[in-house]
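*Asks:* First, the structure itself, so that you have it in front of you.
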Amino acid sequence: MANARYSTRVIPVEHVTIRSTKSFEDVRAKLATLAPRIDDGIFTLGESTRAFRELEACPPLTIFGQRDHRALLAIAGLTRRSIQFDIGNPLTAAKMTCHQLSAGLYAPIRVLLREDDDGGVAFEYDRPASVFGQFGSDNVDAVAQQLDRDLQALLEAAAA
């Protein structure tokens, strides 16, 4: 590939685990209540004013999508539950990507809700300020720090 350039760099990432004493289903249900799934229909082209109004009325964080890993774990002979969620806010993402388009790689944030062998339940995610910090933008950093606080508060509330 004569015309392609390839580069890499190492970035520090802070990994967060929030444990819960509640059941997997209780935590999952609470998360769904606190961060409802976003209606993809609001992203219709040409409807940006309506979308903006609807997004402003949404909770600080919503679920964009989810992947149930139970079938994958079953292939390995495990019966534990694990769901990966994409959680974020389109307005927050827009505030970052307008300053650094590559920030879109990490928005929305991936969050794993998992069950241990002993039935313990926990959320895991990479702290937004640590992954967005690689861009060296004060504007992106300020938004990511608020996202850190919002995400931690959401997941602690769901786990409580």
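In this note's numbering, the protein residues as written are 79 to 238. We put the beta carbon where it would ideally sit given N, CA and C, even for glycine. Here the structure is a predicted model, which means the values were calculated and not measured.
1) Can you tell me which residues form a DSSP beta bridge with phenylalanine 254?
2) Determine the closest residue to leucine 139 out of Glu132, Ser180, Ala113, with distance taken between C-alpha atoms.
3) For a test of the three-state rule: what should DSSP assign to valine 218, helix, strand or coil?
4) Could you spell out where the beta strand (DSSP E) holding phenylalanine 201 opens and where it closes?
5) Bridge partners for arginine 115 per DSSP, in chain order?
6) If contacts are defined as beta-carbon pairs under 8 angstroms, then alanine 200 and arginine 97 qualify, I think. What distance do you get, rounded to the angstrom?
7) Which same chain residues end up closer than 6 angstroms to alanine 222 when comparing Cβ atoms and leaving out the 5 residues on each side of it in sequence?
8) Considering only their Cβ atoms, is the gap separating tyrosine 203 from leucine 229 smaller than 8 angstroms?
9) Figure out for me which residue from Thr99, Tyr84, Ile116, Ala220 has the closest Cα to the Cα of alanine 235.
10) Could you spell out where the alpha helix (DSSP H) holding threonine 170 opens and where it closes?
11) Helix, strand or coil, according to DSSP, for arginine 158 in the structure here?
12) Give the secondary structure of arginine 97 by DSSP, where H, G and I count as helix, E and B as strand, and everything else as coil.
13) Using a Cβ-Cβ cut-off of 6 angstroms (strictly less than) and excluding sequence neighbours within five positions of phenylalanine 163, which residues of its own chain qualify?
14) Relative to the C-alpha of alanine 238, which candidate in Ser215, Ser101, Tyr184 has its C-alpha closest?
15) What distance in whole Å lies between the Cβ atoms of serine 160 and arginine 192, which are believed to be in contact at a cut-off of 8 angstroms?
16) Applying the criterion that 16 or more other CB atoms from any shown protein chain within 10 Å of the CB defines a buried residue, is glycine 197 buried or exposed?
17) Among His177, Leu232, Lys108, which has the Cα closest to the Cα of phenylalanine 213?
*Replies:* According to the structure shown:
1) Because the chain is modelled from 79 through 238, residue 254 falls outside the range shown and cannot be assessed.
2) Stepping through the sequence shown from its first residue, residue 139 is reached at position 61. That would be Ala113, whose Cα lies nearest to the Cα of leucine 139.
3) For the purposes of this step, residue 218 is taken as residue 140 along the sequence shown, with counting starting at 1. Residue state, collapsed to three classes: helix.
4) Indexing the sequence shown from 1 puts residue 201 at position 123. Segment 199-204, the beta strand (DSSP E) holding phenylalanine 201.
5) As a first step, residue 115 is located in the sequence shown; it is residue number 37 there, counting from the start. Ile141.
6) Stepping through the sequence shown from its first residue, residue 200 is reached at position 122. Stepping through the sequence shown from its first residue, residue 97 is reached at position 19. About 5 angstroms separates the two Cβ atoms, so the contact holds.
7) As a working mapping, residue 222 is identified with position 144 in the sequence shown. Result list for alanine 222: Pro206, Ala207, Phe210, in chain order.
8) As a first step, residue 229 must be located in the sequence shown, where it is residue number 151. As a first step, residue 203 must be located in the sequence shown, where it is residue number 125. Yes, these two residues count as a Cβ contact at 8 angstroms.
9) In the sequence shown, residue 235 corresponds to position 157, counting from 1. For alanine 235, the nearest C-alpha among the options comes from Thr99.
10) Residue mapping note: residue 170 aligns to position 92 of the sequence shown, counting from 1. Here the alpha helix (DSSP H) through threonine 170 covers 168-175.
11) Counting from one through the sequence shown, the residue named residue 158 turns up at place 80. Arginine 158 falls in the coil class under three-state DSSP.
12) Reading the sequence shown from its first residue, position 19 is the one you call residue 97. Here arginine 97 sits in strand by DSSP.
13) Working through the sequence shown from its first residue, we reach residue 163 at position 85. These residues qualify, in order along the chain: Ile141, Gln144, Val189.
14) Here residue 238 refers to the residue found at position 160 when the sequence shown is read from its first residue. Residue Ser101 is the option with its Cα nearest to alanine 238.
15) Along the sequence shown, one-based indexing puts residue 192 at 114. Along the sequence shown, one-based indexing puts residue 160 at 82. Rounded, the Cβ-Cβ distance is 4 angstroms, consistent with contact.
16) Translated into the one-based positions of the sequence shown, residue 197 becomes position 119. So glycine 197 ends up on the exposed side.
17) Counted from its first residue, the sequence shown places residue 213 at position 135. Among His177, Leu232, Lys108, the Cα nearest to that of phenylalanine 213 belongs to His177.
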